[in-house]
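Q: The numbering of the sequence shown is the numbering used here, which starts it at 29 and goes up by one.
All C-beta atoms in this analysis are idealised placements derived from N, C-alpha and C, irrespective of residue type, glycine included.
Sharing a structure below in structure tokens format, with a few things to ask.
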Amino acid sequence: MSRVKQLKSKNNQKLAFRKTQKKRNLNIAISLFIISLIIGTSGILSQCQKTSLVTPEQIEAEIIPKEGDSTAYGIPLSINNTQKFIEHYNSITLTSVQNSIMQDALQPLKAPCCDDNSMATCCCPCNLAKAVWGLARYLIAEKDYNTEQVKESVLQWLRLVYSNYYIIQELKNKGVDPGKYGLSHENACYVGECELQIVDRGCGGMRKLIQ
């Protein structure tokens, strides 16, 4: 075979190899794309299924305690404890150190009646806020509770007496629109609901407790 024919043959072989390699790479790329698409679609569908399964009833069962449930501090949970806690607020005085514990415990918690404020201050001394502050004072002064214990105990009581708020927030956290279930939250003070009962998403009144 002449030198020219040999070179042509080698060039043809190289071209054929390159075409084959390009085709193989293209097939691999297409296969990887299809696999990633399938995995991504599966993940989206799985997430949608999880989201669609979340209901207020499920959230309630997971995070909302029941009337009469036991507590770490020995007083069974009850909306009827509200007046007792308000009395603790009026009668118990904390030291500066104890007050710091209370502030640190309540600062991370939103006031469910007006959640643009923390539970450490609320927007005003309504009866819901006084009850929380009274419970916190009692736990610190009488039970020697630390910051985390006060926070957990207060949140437990708030979830009982203001359950709808916490159900709505948890639905939002899970990517579910509460409106889908006819649930909504408005800050009580801004819509004239301060004088409603606490269980009716009010503040329990600003003076005498409305029960």
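With C-beta atoms as the reference, is ALA89 less than 9 Å away from SER181?
A: At the C-beta level, ALA89 and SER181 stay beyond 9 Å of one another.
Q: What does DSSP give as the partner residue(s) for LYS138 in the beta ladder?
A: SER146
Q: Using only the alpha-carbon positions, how far apart do TRP185 and SER106 sit?
A: 8 Å
Q: In the structure shown, what three-state DSSP assignment does GLU180 receive?
A: Here GLU180 sits in helix by DSSP.
Q: Residue range of the alpha helix (DSSP H) that ALA164 falls in?
A: 155–171
Q: Using a Cβ-Cβ cutoff of less than 6 Å, which residues in the same chain neighbour LEU224 once the five nearest sequence positions on both sides are dropped?
A: GLY230
Q: Let's test the definition: count the other Cβ atoms within 10 Å of the Cβ of TYR218 and tell me whether it reaches 16, buried, or not, exposed.
A: exposed
Q: Output the boundary residues of the alpha helix (DSSP H) element that contains LEU199.
A: 191–201
Q: Report buried or exposed for VAL125, applying the criterion of at least 16 other Cβ atoms within 10 angstroms of its Cβ.
A: exposed
Q: So HIS116 is in the alpha helix (DSSP H); what residue range does that whole segment cover?
A: 110–119
Q: What do you reckon, are the CB atoms on ARG165 and LEU122 nearer than 9 Å?
A: One thing to note: ARG165 has its Cβ within 9 Å of the Cβ of LEU122.
Q: Counting only C-beta atoms, is GLU180 closer than 9 Å to chain C at any point?
A: Among the protein chains of the structure shown there is no chain C, as only one such chain exists.
Q: If you measure between the beta carbons of LYS158 and ASN215, is that distance less than 9 Å?
A: Going by C-beta atoms, LYS158 is not nearer than 9 Å to ASN215.
Q: In angstroms, rounded to a whole number, what distance separates the CA positions of LEU167 and VAL178?
A: 7 Å
Q: For GLY207, which three-state DSSP category applies?
A: helix
Q: What do you reckon, is the C-beta of GLY162 under 8 Å from a heavy atom of the ligand SAM?
A: The ligand content of the structure shown is nil, which means the ligand SAM is not present either.
Q: Please report the distance separating the alpha-carbon of ARG145 from that of LEU81.
A: Strictly speaking, residue 145 in this sequence is Asn, with Arg absent from that position. Cα-Cα distance, rounded: 32 Å.
Q: Candidates ASN108, LYS200, THR149 and LYS112: which alpha carbon is nearest ASP132's?
A: It is THR149 whose Cα lies nearest to the Cα of ASP132.
Q: Expressed to the nearest angstrom, what Euclidean distance is found between the alpha-carbon atoms of TRP161 and ASN108?
A: CA-to-CA, the gap between TRP161 and ASN108 works out to about 16 Å.
Q: So what does DSSP say about THR175, is it helix, strand or coil?
A: helix
Q: Enumerate in chain order the residues of its own chain whose CB-to-CB distance from MET130 is below 8 Å, with the five nearest sequence positions on each side excluded.
A: Around MET130: LEU122, ALA148, TRP161, ALA164, ARG165, ILE168 and VAL178.
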